[in-house]
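Novice: Line by line, the protein sequences give chains Z and Y. Its first residue numbered 1, the first sequence is counted upward by one per residue in the numbering used here. Its first residue numbered 1001, the second sequence is counted upward by one per residue in the numbering used here. A virtual CB, placed ideally from N, CA and C, is assigned to each residue, including glycine. Predicted model only: the values in this text are computed from it and were never measured. Input: one structure, supplied below.
There are 2 protein chains.
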Amino acid sequence: MVTIKKSRIKDIARLAKVSIGTVDRVLHSRGRVSPHTEQKVKEIAIKINYKPNILARALVINKKYNIGLFIPQPNGNEYWEQAFENNHKLISKFEQLGLNIELYYYSAENKKSFEEAGQKIIKSQPNAVIMASLFLHEGLSFYNQCCDRSIPVIIFDTTIPYLEPLSFIGIDSFQSGRVAAELMTLTSHKKDKFAILHFDQELVDAPQMLERERGFISYLDEKCPDRKYIVRVLNNKQHYYQNEIKEMLEKDKISSIFVSTAKVYQIGSYLQQNKIPGIIVIGYDLTSKNIQLLNDGYIQFLINENPRLQVEQSINTLGNYLLYGEPINSKILFPIEIITRTNFNSHISNSSASHQFAEKV
Amino acid sequence: MVTIKKSRIKDIARLAKVSIGTVDRVLHSRGRVSPHTEQKVKEIAIKINYKPNILARALVINKKYNIGLFIPQPNGNEYWEQAFENNHKLISKFEQLGLNIELYYYSAENKKSFEEAGQKIIKSQPNAVIMASLFLHEGLSFYNQCCDRSIPVIIFDTTIPYLEPLSFIGIDSFQSGRVAAELMTLTSHKKDKFAILHFDQELVDAPQMLERERGFISYLDEKCPDRKYIVRVLNNKQHYYQNEIKEMLEKDKISSIFVSTAKVYQIGSYLQQNKIPGIIVIGYDLTSKNIQLLNDGYIQFLINENPRLQVEQSINTLGNYLLYGEPINSKILFPIEIITRTNFNSHISNSSASHQFAEKV
DNA sequence: TTGAAAGCGCTAACAT
DNA sequence: ATGTTAGCGCTTTCAA
């Protein structure tokens, strides 16, 4: 096999009969080069198919970046715990390369804590921020502060409408609602009635939940306009919502239930406790309670948001952008993964492989 | 923020009052170091939390590897075309880093061509091989030749039983069959009858197809032992199989059909042409014909093997192993992805994000 | 406008 | 057993 030798700056310099300093100036358009030389160097670079060695470049640049990772406190919240499982190695990998990733937590129940953590981040003067904001208004305000200071922001998990961050990384909520509606339609009779349930939150602050509902309904409107369905917002307190569900099931003869969040286990548990089989239940996220109920047959489908991969992808994307100048997509939408009792294992064991599209280069 | 300075070999040397050469010898266990010095250096390395700079290491190692990528000729085979879509950039990325990836094609219909290409690879004396063998016996023989020459092999897409390659990368066929059975069960009545169809191939040579069938049946046996089903091997010629299907549908009142390969479109097309709605059809792979029928409602579910990601992951895994000495999993099983009319778009646009577990570091 | 040279952190050959 | 040094390919400073 003919091994083509890699071409280096030195080769260009030799062929163009100039010094490597000159070549460098041309390649980086730093000026102070005569047009004639510039032309010649460029030609030769193309001719010998010069590609810079990113390792050498990264080595010599040796720049340090401070990244603020702005996220809900994972303790006690399984979804966010999953998000950071195993990401220590990713973080320390990038640390080696000069990315200092600092974590800033806020409480998912406390807007104040979000604002406070946000102030800390701003004060730390980061080179970039990765954030997942559960609060619409506060998230927007923080984003604007970053913009004012020219700090690039990657938003993941939860969209904030109308913003144009460096990149949004997550899943398409609207589309995921459509998928849920499709699965319900496939698993039911034409005359069955559906329910869409939200658990009490300030819906204004939960654009995701509304988008999921919108998607769900858009599918029904489009594919089976005769379908009957109801929409309910349930109180989050067990005592209340259990009564509400009971009443609903008695009155409405629901065949299938779509819950707009990971709280779908509250429905599954109710059905399990009261031994009500035969209802198709769909919700979000592979939390342990949800998976248990999936296994027990009281939830049929879960839509996986793959929080761990979202974080991984966010860090990777930002790292490659800062360190290697890789272009960045303004939107990275994850596949909408349908999880069932039978395939969830394959998703858990290797969410990284599927999505680990992680390439180390 | 306190920026902790990265520790380098030089720092260890200074603190241990030895030269960097000695430190290097300790860190790489190259011997020729007194026990006392060794002990001291190790202690200090741990104390200052030394992590080698992989960039500098990769730069100086600067070794060239020849990799043989041994795969079916993609031209005219959409699955394999997908597998190599966009992988040029990955390949050229690694080329920069010293991985020379040479492609060797064989014809999926011609065992002889497999053997010939195999000989070529052996002759080229590669440092490692990545292969997808559609032929059981020939694949085994080639694998053994590599072993004899201590050439590590990564096998992807199609397993060869009983081998222990450096890594197997692909999906669990058995489990995917179970998923198909589950989906059918969820979308049908208890008394409906299922069909499992194989399209004519030498089944001996297709362990995947048999594994998928085995998985399918194992699920039924386990979860609904009363379920009626039939298994058929159909002739691949349109004229023949159309008659066979017709007969089958007339005689057996099938509600749902599971096809063990990407040829599921042959069933979908038949149903479409003959305007037979209401049958649940499940098969494999996101080829254009399959997707068209998914869209038209004559296929309900496809299981995605994500060929592109498999290739990406194979190259990444091998590259990181060779270049950075990363540990390697003997098995990397992908998530079993359920594709429907509504979510296929999200899978096509970004199969890389989900699985792009590719991290560049 | 150009060239020379130092140095990023590491490895490995060579000298002592 | 230990130390010294060249050099991987690139960027950047300084001198000419």
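Between V1153 (chain Y) and T1187 (chain Y), what straight-line distance do the alpha-carbon atoms span, to the nearest angstrom?
Specialist: Residue 1153 (chain Y) sits at position 153 when you count from the first residue of the second sequence. Residue 1187 (chain Y) sits at position 187 when you count from the first residue of the second sequence. A straight-line Cα-Cα distance of about 41 Å links V1153 (chain Y) and T1187 (chain Y).
Novice: Please report how far the alpha carbon of G68 (chain Z) lies from the alpha carbon of N53 (chain Z), in whole angstroms.
Specialist: Locating residue 68 (chain Z) in the first sequence gives position 68, counting from the first residue. Locating residue 53 (chain Z) in the first sequence gives position 53, counting from the first residue. G68 (chain Z) and N53 (chain Z): Cα-Cα distance of roughly 29 Å.
Novice: Relative to the C-alpha of N100 (chain Z), which candidate in Z:L271, Z:I315, Z:I332 has its C-alpha closest?
Specialist: Here residue 100 (chain Z) refers to the residue found at position 100 when the first sequence is read from its first residue. If we check each option's Cα against that of N100 (chain Z), Z:I315 comes out closest.
Novice: Which runs of the beta strand (DSSP E) spanning at least 3 residues fall entirely within the region 5-73 of chain Z, listed in chain order?
Specialist: 65-72
Novice: Could you give the distance in angstroms between the alpha-carbon of L293 (chain Z) and the alpha-carbon of N306 (chain Z)?
Specialist: On the first sequence, residue 293 (chain Z) is found 293 positions in, with the first residue counted as 1. On the first sequence, residue 306 (chain Z) is found 306 positions in, with the first residue counted as 1. So the two alpha carbons sit approximately 19 Å from each other.
Novice: Does DSSP put A180 (chain Z) in a helix, in a strand, or in coil?
Specialist: Here residue 180 (chain Z) corresponds to residue number 180 of the first sequence, with the count starting at 1. Looking at A180 (chain Z) - three-state DSSP - the assignment turns out to be helix.
Novice: Need the endpoints of the beta strand (DSSP E) that I276 (chain Z) sits in, please.
Specialist: To locate residue 276 (chain Z), count along the first sequence from 1; it is residue 276. From DSSP, I276 (chain Z) is part of no beta strand (DSSP E); its letter is neither H nor E.
Novice: Output needed in chain order: residues of the region 1240-1269 of chain Y with a Cβ under 8 Å from some Cβ in chain Z.
Specialist: none
Novice: Whole angstroms are fine: how far does the CA of L197 (chain Z) sit from the CA of P277 (chain Z)?
Specialist: In the first sequence, the residue the question calls residue 277 (chain Z) occupies position 277. In the first sequence, the residue the question calls residue 197 (chain Z) occupies position 197. Their Cα atoms are separated by approximately 18 Å.
Novice: Would you mind telling me which residues of chain Z sit closer than 7 Å to S1218 (chain Y), beta carbon to beta carbon, in chain order?
Specialist: For the purposes of this step, residue 1218 (chain Y) is taken as the residue at position 218 of the second sequence. Simply none; closest approach about 11 Å.
Novice: My parser needs the alpha helix (DSSP H) runs of 4 or more residues fully inside the region 1069-1131 of chain Y; what are they?
Specialist: 1078-1084, 1087-1096, 1111-1123
Novice: Quick check: the region 1170-1180 of chain Y against the region 1144-1152 of chain Y, are there 3 or more CB pairs under 8 Å?
Specialist: no
Novice: Indicate the three-state DSSP secondary structure (helix, strand or coil) for S1150 (chain Y) in the structure shown.
Specialist: On the second sequence, residue 1150 (chain Y) is found 150 positions in, with the first residue counted as 1. Residue state, collapsed to three classes: coil.
Novice: If we require 4 or more residues per run, which alpha helix (DSSP H) segments fall completely within the region 237-292 of chain Z?
Specialist: 238-252, 264-273
Novice: Does any C-beta atom of chain Y lie closer than 8 Å to the C-beta of V18 (chain Z)?
Specialist: Here residue 18 (chain Z) refers to the residue found at position 18 when the first sequence is read from its first residue. Not an interface residue.
Novice: Looking at the unbroken beta strand (DSSP E) that takes in R1232 (chain Y), where does it start and where does it end?
Specialist: In the second sequence, the residue the question calls residue 1232 (chain Y) occupies position 232. Where R1232 (chain Y) is concerned, the enclosing beta strand (DSSP E) stretches over 1228-1234.
Novice: What does the Cβ neighbour count give for R32 (chain Z), buried or exposed, with the cut at 16 atoms within 10 Å?
Specialist: For the purposes of this step, residue 32 (chain Z) is identified with residue 32 of the first sequence, where counting begins at 1. Its Cβ having fewer than 16 others within 10 Å, R32 (chain Z) is exposed.
Novice: Here's a check: name, in chain order, each residue in its chain whose Cβ is nearer than 7 Å to the Cβ of A1117 (chain Y), leaving out the five neighbours to either side.
Specialist: Reading the second sequence from its first residue, position 117 is the one you call residue 1117 (chain Y). The answer, listed in chain order, is F1070, Y1104, Y1105, Y1106.
Novice: Taking the alpha-carbon of D262 (chain Z) as reference, which of Z:L97, Z:N343, Z:S288, Z:K223 has the nearest alpha-carbon?
Specialist: As a working mapping, residue 262 (chain Z) is identified with position 262 in the first sequence. Residue identity check: residue 262 (chain Z) is Ala in the sequence provided, not Asp. Restricting attention to Z:L97, Z:N343, Z:S288, Z:K223, the CA atom closest to the CA of A262 (chain Z) is found in Z:S288.
Novice: Whose C-alpha, out of Z:S269, Z:T159, Z:Y229, is nearest the C-alpha of K251 (chain Z)?
Specialist: Counting from one through the first sequence, the residue named residue 251 (chain Z) turns up at place 251. Comparing Cα positions, the closest option is Z:Y229.
Novice: Name the DSSP bridge partner or partners of H1189 (chain Y)?
Specialist: Locating residue 1189 (chain Y) in the second sequence gives position 189, counting from the first residue. H1189 (chain Y) is not bridged to any residue.
Novice: Taking CB distances under 8 Å as the criterion, tell me whether Q175 (chain Z) reaches chain Y.
Specialist: For this step, residue 175 (chain Z) is matched to residue 175 along the first sequence. By this cut-off, Q175 (chain Z) is an interface position.
Novice: Should T342 (chain Z) be labelled buried (16 or more other beta-carbon atoms within 10 Å of its own) or exposed?
Specialist: By one-based count along the first sequence, residue 342 (chain Z) stands at place 342. The residue in question, T342 (chain Z), is buried, as its Cβ has 16 or more Cβ neighbours within 10 Å.
Novice: Taking 8 Å as the CB-CB limit, is K10 (chain Z) close to chain Y?
Specialist: Reading the first sequence from its first residue, position 10 is the one you call residue 10 (chain Z). Output row for K10 (chain Z): interface = no.
Novice: To which residues of the same chain is E364 (chain Z) closer than 6 Å at the C-beta, ignoring the five residues directly before and after it?
Specialist: No information on residue 364 (chain Z) is available, as it lies outside the stretch 1 to 361 that chain Z covers here.
Novice: Give the single residue among Z:Y241, Z:R214, Z:M248 whose Cα lies nearest to the Cα of Q266 (chain Z).
Specialist: Taking the first residue of the first sequence as 1, we reach residue 266 (chain Z) at position 266. Ranking Z:Y241, Z:R214, Z:M248 by Cα distance to Q266 (chain Z) puts Z:Y241 first.
Novice: Just the Cα atoms here: how many angstroms apart are I279 (chain Z) and V259 (chain Z)?
Specialist: As a position in the first sequence, residue 279 (chain Z) is number 279, starting the count at 1. As a position in the first sequence, residue 259 (chain Z) is number 259, starting the count at 1. The straight-line gap from Cα to Cα measures roughly 13 Å.
Novice: Name, please, each residue of chain Y whose Cβ falls closer than 7 Å to the Cβ of K47 (chain Z).
Specialist: What you label residue 47 (chain Z) is simply residue 47 of the first sequence in a count that begins at 1. Under the 7 Å cutoff, chain Y gives no residues; its nearest Cβ is about 17 Å from K47 (chain Z).
Novice: Residues in the same chain with beta-carbon distance under 7 Å from K1064 (chain Y), minus the five sequence neighbours each way, listed in chain order, please.
Specialist: By 1-based counting over the second sequence, the position of residue 1064 (chain Y) is 64. For K1064 (chain Y), where only same-chain residues beyond five positions count, the Cβ hits under 7 Å are G1098, N1100.
Novice: Tell me where the beta strand (DSSP E) around S1167 (chain Y) begins and ends.
Specialist: Position 167 of the second sequence, counting from 1, holds the residue named residue 1167 (chain Y). It spans 1167-1170 - the beta strand (DSSP E) in which S1167 (chain Y) sits, taken as one unbroken run.
Novice: Name the chain Y residues whose beta carbon is nearer than 7 Å to that of I336 (chain Z)?
Specialist: On the first sequence, residue 336 (chain Z) is found 336 positions in, with the first residue counted as 1. Near I336 (chain Z) (Cβ distances below 7 Å), the residues of chain Y are N1343, S1346.
Novice: Where I367 (chain Z) and G215 (chain Z) are concerned, what is the direct C-alpha to C-alpha distance, given to the nearest angstrom?
Specialist: Only positions 1 to 361 of chain Z appear in this structure, which leaves residue 367 (chain Z) out of reach.
Novice: Quick check: what's the CA-CA separation for A353 (chain Z) versus R1308 (chain Y)?
Specialist: Stepping through the first sequence from its first residue, residue 353 (chain Z) is reached at position 353. Stepping through the second sequence from its first residue, residue 1308 (chain Y) is reached at position 308. Any reading at A353 (chain Z) must be qualified, since the residue scores a pLDDT of 38, below 50, and its modelled position is unreliable; no value is offered.
Novice: Can you pull out the residues from the region 1158-1192 of chain Y whose beta carbon lies closer than 7 Å to at least one beta carbon of chain Z?
Specialist: For the region 1158-1192 of chain Y, residues whose beta-carbon sits nearer than 7 Å to a beta-carbon of chain Z comprise D1172, Q1175, R1178, V1179, E1182, L1186, T1187.
Novice: Just grab the DSSP bridge partners of L1302 (chain Y) for me.
Specialist: Counting from one through the second sequence, the residue named residue 1302 (chain Y) turns up at place 302. L1302 (chain Y) pairs with Y:G1283, Y:I1339.
Novice: Can you tell me whether I328 (chain Z) is helix, strand or coil according to DSSP?
Specialist: Residue numbering aside, residue 328 (chain Z) sits at position 328 when the first sequence is read from its first letter. Three-state result, I328 (chain Z): coil.
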